[in-house]
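Asks:
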Amino acid sequence: MALKIQPLSDRVLIEPMAAEQKTASGLYIPDTAKEKPQQGKVVAVGKGKKDYDMTVKVGDTVLYGKYSGTELKLDGAEYLMMREDDILAIV
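Heads up, the sequence shown is in our numbering, so the first residue is 600 and it goes up one at a time.
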């Protein structure tokens, strides 16, 4: 599915991965106690700044800070828009 949004400059659009439903010991986590996911898949990438090429590509799985980015809702799905500098690592 092609999105109708193109990030500008060094911004990246990320689809967060689902939060864990249960712990390693088998306990189910209620919705109120779940933490925000810190891992996601890159859906769209801007062109970068002058003299600066983008490191991440569409399809990369990345780690980002817990409170990074701006939450967006497009076509019923939730996304995060953030600068490439807010991405901590490519997994």
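All residues carry an ideal CB built from backbone N, CA and C; glycine is no exception. All figures in this text were calculated on a predicted structure; none of them were measured in a lab.
Judging by CA-CA distance, which residue of Val611, Ile686, Tyr666 and Gln620 is the nearest neighbour of Gly647?
Replies: For the purposes of this step, residue 647 is taken as the residue at position 48 of the sequence shown. Closest option to Gly647, Cα to Cα, is Val611.
Asks: In this structure, what does DSSP give as the bridge partners for Val642?
Replies: Residue 642 sits at position 43 when you count from the first residue of the sequence shown. According to DSSP, Val642 bridges with nothing at all.
Asks: On the CB-based measure, 16 or more other CB atoms within 10 Å of its CB, does Tyr663 come out buried or exposed?
Replies: Residue 663 sits at position 64 when you count from the first residue of the sequence shown. Counting Cβ neighbours within 10 Å, Tyr663 comes out buried, since at least 16 surround it.
Asks: Straight-line CA distance for Leu673 to Leu687?
Replies: Residue numbering aside, residue 673 sits at position 74 when the sequence shown is read from its first letter. Residue numbering aside, residue 687 sits at position 88 when the sequence shown is read from its first letter. If I take the Cα positions, the gap works out to 24 Å.
Asks: Go through its chain and collect everything with a Cβ distance to Met680's Cβ below 7 Å, but skip five positions before and after it.
Replies: Locating residue 680 in the sequence shown gives position 81, counting from the first residue. Within the same chain, Met680 has close Cβ partners Pro606, Arg610, Leu612, Gly668, Thr669 and Leu671.
Asks: Cβ atoms of Glu614 and Tyr666: under 9 Å apart, would you say?
Replies: Residue numbering aside, residue 666 sits at position 67 when the sequence shown is read from its first letter. Residue numbering aside, residue 614 sits at position 15 when the sequence shown is read from its first letter. No. Outside cutoff.
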